[in-house]
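Every letter in the sequence shown is one number past the one before it in this note's numbering, and letter 13, counting from 1, is 6. A virtual CB, placed ideally from N, CA and C, is assigned to each residue, including glycine. Because the structure is a prediction, the values reported are computed rather than measured.
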Amino acid sequence: MDKVINSYEVMFIADVSKGDEATEATVNKFVSVIEANAEVVDVAKWGKRRLAYPINDMPEGFYTVVTFKSAPEFPNELERLMNIDESVMRSLVIKLEYDAAEKKAKLVEVSEPAAEVAVEAEAAAEETVPAVEE
-6 MDKVINSYEV MFIADVSKGD EATEATVNKF VSVIEANAEV VDVAKWGKRR
44 LAYPINDMPE GFYTVVTFKS APEFPNELER LMNIDESVMR SLVIKLEYDA
94 AEKKAKLVEV SEPAAEVAVE AEAAAEETVP AVEE
C-alpha cells in the first residue's frame, strides 16, 4: 500500500520579548523539526508584527508560515511540540486541499515569463529615451 503524503501549512507566532536571538532560535528550532520529519515546500518569515489583540500581555510577535508535505501523523506531533514550548504564543496547522509543491511550481512558471517581459520592457524604454546633453 502506498504511503499517504498530504500538504500542510503551519503558522506560528513566536515570543519577541526575550530578544531577537531567542526569537530566531525558536523559529529555527521548529523549522528544523519540520525539515527533519517532512518535505519543506516554503518557509515565509513574515517578521515582527503587531498583534490584533494582546496575547499574554504582549502586543507583538514574530510570524512564521511553513508549507510542507508529510505523513498524516506528523502535524499532530508538531502541534503538541508547539503547545509545550512557552516561546510559541499561538500556532495553527491546517491541511491544504491541493498539492503545495505543484502549486509553487506553477507559480514559478508563471512568474518567470512575467520577469522576462519586465526586463524586455525596461530595455526597450532605455532605447527610446534620448540622452540628455549637459
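Given 7 Å as the limit, tell me if residue i has its C-beta closer than that to any heavy atom belonging to the ligand FAD.
| i | result |
| --- | --- |
| tyrosine 1 | Inclusion of the ligand FAD in the displayed structure is not the case, the ligand content being empty and no account of it being possible. |
Determine, using beta carbons only, whether residue i and residue j come nearer to each other than 8 Å.
| i | j | result |
| --- | --- | --- |
| lysine -4 | alanine 94 | no |
Using CA coordinates, which residue listed in the options is at the minimum distance from residue i?
| i | options | result |
| --- | --- | --- |
| lysine 99 | Asp50, Val24, Val34, Glu70 | Val34 |
| glycine 12 | Ala29, Val26, Leu44, Gly54 | Gly54 |
| threonine 19 | Ile77, Glu90, Lys97 | Ile77 |
| glutamate 32 | Tyr1, Val58, Tyr91, Gly40 | Tyr1 |
What is the rounded straight-line gap between the Cα of residue i and the Cα of residue j?
| i | j | result |
| --- | --- | --- |
| phenylalanine 5 | valine 101 | 25 Å |
| lysine 88 | asparagine 69 | 11 Å |
| alanine 29 | alanine 7 | 20 Å |
| glutamate 72 | glutamate 14 | 23 Å |
Here's the rule I'm using: 16 or more other beta-carbon atoms within 10 Å means buried, otherwise exposed. How should residue i be labelled?
| i | result |
| --- | --- |
| methionine 51 | exposed |
| methionine -6 | Only weak support is given to the placement of methionine -6: the predicted model assigns it a pLDDT of 49, under 50, and the value that follows is read from those uncertain coordinates. The residue in question, methionine -6, is exposed, as its Cβ has fewer than 16 Cβ neighbours within 10 Å. |
| isoleucine -2 | exposed |
Indicate the three-state DSSP secondary structure (helix, strand or coil) for residue i in the structure shown.
| i | result |
| --- | --- |
| serine 25 | helix |
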